[in-house]
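Residue numbers (UniProt numbering): 1 to 468. A virtual CB, placed ideally from N, CA and C, is assigned to each residue, including glycine.
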Ligand SMILES: O=CCCC(=O)O
């Protein structure tokens, strides 16, 4: 795939970039390693000053970088501005909280004594240069939720971004540089996916994080495994959205629309499978379909647009195949199902609701990365949980109910990294984010995220260790 900005709203190639050659990759690896040796010795106050300065600059740049993201991958510009604002918030959150999150841990006195120590503690140290392989769907946020904790912990970062968002990738490097980070602390590598293996195998790279597809995750994890390097993987999702009789159906249906079409439907944590109790199925289906039908599809640079194009022609073709397979096997489109009229130049797809889904359809098991929802009718909570868990993925989940017993049951039985009640899944700096099953492993954000790329060092003082 060429490294290029191609506007998904009209297919025009706006800029192309040459991949870095081997010498330049080597220069950047060396700079990252050199920068780590210094950055690891800085204190939290110094790191926080730099991170807050980067957040301030990002706020100043919000309109410009939002436009760049929209032109590169097609998200509505209002969502792009919100993404930039969320990044700045996360940067400030880690600036304010990293020291607390990485504070030494002290075992109980009795356990210290039992270990034969006079004192003992766990001390968090940075791991080193971390390689981040990141996707195009939230081109700023996916990177920043790695970069903010990693830099605050004292690591340095190398970014291999998706090839269709090169200008956003270069912007991030420039942002940290303008904020005053020393050379090498955070660098973008404009390279193709074929060049990732050599970077990951380089002894100066300590670990890797990847957000992206399952094949990409498997490829990076197997090389990292071969090198015995830590990885965090955040892969696909096919999150269930369960609606039970005690729910506020009006709200559940309105939120379902946003939960499905956020980011043009291209979010790993978008709700994708809508599993509705038979008692409220008709009321929900009617409102949800009406909401999906009412969305404005069009130019993502227009403020009034709710749903822009898919990020690539291939992405739309993949989605069309899933929809075609389902319709061919007897599914029914309550709305949408194809390309919208009058938007022939870009890679648009109509907001679509499919019902009559059977387990033999590809769409039942595969992730729909676009504005297409599948709707299931179930008899009770048992069946809802069965359908919800009948997927290879386990990222997050949404349940609408006011019954505490049902909530407790869902927390116990849903195979997912998150359970969100009476609302939609959304990431937040203070809440861990990640999945189980084929959705990956490890956690981003919160204390869990910052500690993933730290060396939890046991410090044990024998009886004669007290300073004189
Ligand atoms: O695509 C993954 C979801 C990103 C997020 O909203 O945090």
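heavy atom of ligand 1 below 6 Å from residue i C-beta
i, result
"residue 87", "no"
"residue 472", "Absent from the structure is residue 472, since the part of the chain shown begins at 1 and ends at 468."
"residue 138", "yes"
"residue 439", "no"
"residue 3", "no"
"residue 311", "no"
"residue 397", "no"
"residue 238", "no"
"residue 267", "yes"
"residue 427", "yes"
Own chain partners of residue i with C-beta closer than 7 Å, once the 5 adjacent residues on each side are dropped
i, result
"residue 464", "none"
Beta-carbon gap between residue i and residue j smaller than 7 Å
i, j, result
"residue 135", "residue 209", "no"
"residue 90", "residue 300", "no"
"residue 191", "residue 157", "no"
"residue 393", "residue 267", "no"
"residue 216", "residue 454", "no"
"residue 353", "residue 375", "yes"
"residue 52", "residue 95", "yes"
"residue 74", "residue 308", "yes"
"residue 420", "residue 407", "no"
Cross-strand partners of residue i (DSSP beta bridge)
i, result
"residue 6", "13"
"residue 130", "157, 207"
"residue 437", "393"
"residue 460", "120"
"residue 251", "Its beta-bridge partners do not exist; DSSP assigns none."
"residue 272", "Beta-bridge pairing links residue 272 to no other residue."
"residue 234", "211, 440"
"residue 455", "125"
"residue 105", "122"
"residue 512", "In the structure as shown, the chain starts at 1 and stops at 468, and residue 512 therefore has no counterpart that could be examined."
Nearest to residue i (by Cα), restricted to the options the options
i, options, result
"residue 351", "99, 260, 172, 47", "260"
"residue 236", "45, 466, 425, 367", "367"
"residue 317", "222, 137, 370, 132", "370"
"residue 233", "265, 142, 67", "142"
"residue 188", "323, 162, 92, 339", "162"
"residue 381", "372, 363, 396, 401", "401"
"residue 30", "146, 452, 185", "185"
"residue 451", "146, 11, 17", "146"
"residue 177", "45, 50, 256", "50"
Neighbourhood of residue i by C-beta, 6 Å cutoff - its chain only, sequence neighbours within 5 removed
i, result
"residue 430", "446"
"residue 469", "The structure shown does not extend to residue 469, since the chain is modelled only from 1 through 468, so no value can be given for it."
"residue 329", "361"
"residue 203", "none"
"residue 311", "8, 73, 74, 136"
Other residues of its chain near residue i: CB distance less than 8 Å, five sequence neighbours each side excluded
i, result
"residue 125", "40, 154, 454, 455, 457"
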